[in-house]
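Here's the structure we're looking at; comments come further down.
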Amino acid sequence: MTTDHIALIGTFSGDVSGELNCNLCLKKWMDIEGVKYKVLDTNLEGGGIKYAGSFSFKKILKMFSVYFVFFKVLLFSNVLYMTPGLSKFGFVRFSVFVFFGKLFRRKIVFHYHGARLVNERKGFSYLYNLFVIKVLSYVDTHIFLTEVLELEYKRSFLLVNTKVIFNFFDSGLFDYLTIKDSQEKNSEAKSKIKFLFLSNMIEEKGYKIALDACEKLALAGYDVFLDIAGGGDDKAIRYVEKFLNSQQLDGLYHGLVSGVDKYKLFADADYFLFPTTYKQEGLPLVLLEAMISKCCVVTTPIGGIPDLIKNDENGALVNVEELVDSTYECLVKLIKNPKDKLRIVNSAFETAIEFDEEKFASSVYLTMVES
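The numbering of the sequence shown is our numbering, which starts it at 13 and goes up by one.
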């Protein structure tokens, strides 16, 4: 190991998200390897992922306390690793870390978890766009989840020294699946085709699409069961529970799950539904977790997803136009062709097995400390 002192600056608490899981994975790996680091948690407790980037006076007060801690962390560290906020509010507050990092001649590494900065660029004023380009020019290394995101950011903001590091699957899930053969479904599951939707309960993530598509399958005579899991606001939860109670669809809402409860859902599922239209999508960890669980992934070509999921090879990509119908038709085709489904899930497993936590964390660390 090198003698570099690392500052980890980003979200280390709050609602479950890919960014949070990646930061915690990196922190855990550094503890095991004995890397010297300090953590600066930039979570401002603004009400969850749905409200990411929103403004409030509570956030402003918390932000000043974060800056106070930052200066202590800055003196300790010679590398600043950041998972920056990509909303306007989030980016501006991270720009302070960048400017002072540059002033103190620290190495600055940005790890981007999503496409929001690119997607919203057309709405930037001329001056704000120049500001973003200037801030990013001070960053020494830019890490992206996929090649699609890397290319979009390079084109938009004239970036140099970029690198792609894919996300990872949960090692605990893999251990669970190794002990419990994921192909042995319980007796209830064997009588039904089991579908799983697991994500934050934001409408753009596709939980309503999953419900509607599975209901169409049920009405068409297929014996299906839909498990839905993930945290969300009361309105989303009420919608899901009311739908499952009133429609001709057998299913269950599990709330926010983790650990063995999450592992069991993946192990029991035949198909993983992720019909997202979420504009900030990067490369969702749940896709790799579904692939390692040999669930057949049905999703959309949004964000960095097409870099991982290749249609009819290791998953299925459905058209975002008329999304309920395209999802339903895709599922019918897969159900009627079990050999195709088996080929896809086996290929998906071989793809996902390459992306474990060790590879992810060590790759990020080596990127931080390389000259």
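In this text, a Cβ means the ideal position worked out from N, Cα and C, and glycines have one as well. Predicted model, so just to flag it, every value in this text is computed and none were measured.
Hey, is the segment 236 to 255 in contact with the segment 210 to 223, meaning 3+ C-beta pairs nearer than 8 angstroms? yes
Assess, as a yes-or-no matter, whether the segment 147 to 167 is touched by the segment 116 to 130 under the definition of 3 or more beta carbon pairs within less than 8 angstroms. yes
For residue 33, which residues in the same chain have their Cβ closer than 7 angstroms to its Cβ, ignoring the five residues on either side in sequence? 297
Kindly provide the ranges of any beta strand (DSSP E) runs that are 3 or more residues long and lie completely inside the segment 167 to 224, ordered along the chain. 174 to 176 and 205 to 210
To the nearest angstrom, report how far apart residue 113 and residue 163 are at their CA atoms. 26 angstroms
Residue 396 and residue 17 closer than 7 angstroms at C-beta: What the structure shows of the chain is the stretch from 13 to 383, and residue 396 is not part of that stretch, so it cannot be assessed.
Take the Cβ of residue 279 as the centre, count every other Cβ of all protein chains shown within 10 Å, and call the residue buried at 16 or more, exposed below. buried
For the alpha helix (DSSP H) holding residue 79, just list the boundary residues, first then last. 69 to 88
With a CB to CB cut of under 6 angstroms and the five nearest residues on each side skipped, what residues in its chain are close to residue 19? 50, 85, 89 and 92
So residue 342 is in the alpha helix (DSSP H); what residue range does that whole segment cover? 335 to 348
What is the residue span of the alpha helix (DSSP H) that residue 377 lies within? 369 to 381
Applying the 10 Å Cβ sphere with the 16-neighbour rule, what's the burial state of residue 370? exposed
Who are the Cβ neighbours of residue 231 in its own chain at under 8 angstroms, not counting the five residues just before and after it? 260
If I follow the unbroken beta strand (DSSP E) through residue 308, where does it start and stop? 308 to 311
Going by the DSSP bridge assignment, what does residue 453 pair with across the sheet? A query on residue 453 cannot be resolved here, the shown segment of the chain reaching from 13 to 383 and no further.
Is residue 322 helix, strand or coil by DSSP? coil
Starting from residue 265, trace the beta strand (DSSP E) both ways and give me its first and last residue. 262 to 265
Between residue 346 and residue 308, which are expected to be in contact by the criterion C-beta below 8 angstroms, what is the C-beta distance as a whole number of angstroms? 6 angstroms
So for residue 127, helix, strand or coil by DSSP? coil
Report the CB separation of residue 185 from residue 301 in whole angstroms; it is logged as a contact under 8 angstroms. 6 angstroms
First and last residue of the alpha helix (DSSP H) that includes residue 151? No alpha helix (DSSP H) contains residue 151, which DSSP labels as neither H nor E.
Could you compute how far the alpha carbon of residue 5 sits from the alpha carbon of residue 227? This structure cannot settle anything about residue 5, because the visible part of the chain is limited to 13 through 383.
Is it the case that the segment 265 to 276 contacts the segment 317 to 326, given that we only count it when at least three CB pairs across the two stretches are under 8 angstroms? no
Buried or exposed: where does residue 305 fall if 16 or more other Cβ atoms within 10 Å of its Cβ makes it buried? buried
If I measure Cβ to Cβ from residue 319 and keep anything under 6 angstroms in the same chain, skipping five residues before and after, which residues do I get? 158, 159 and 160
7 angstroms Cβ shell around residue 365 - same chain, five flanking residues per side excluded: 304
Buried or exposed, going by whether 16 or more other CB atoms sit within 10 Å of the CB of residue 378? exposed
Based on DSSP bridge pairs, tell me the residues matched to residue 50. 19
Cutting at 7 angstroms between CB atoms, please list the residues of its own chain near residue 229, excluding the five before and the five after it. 236, 340 and 343
Who are the Cβ neighbours of residue 291 in its own chain at under 6 angstroms, not counting the five residues just before and after it? 131
Residue 113 by DSSP, collapsed to three states: which one? helix
Assign residue 143 to one of three DSSP states: helix, strand, or coil. helix
Exposed or buried, which one is residue 29 when buried takes at least 16 other CB atoms within 10 Å? buried
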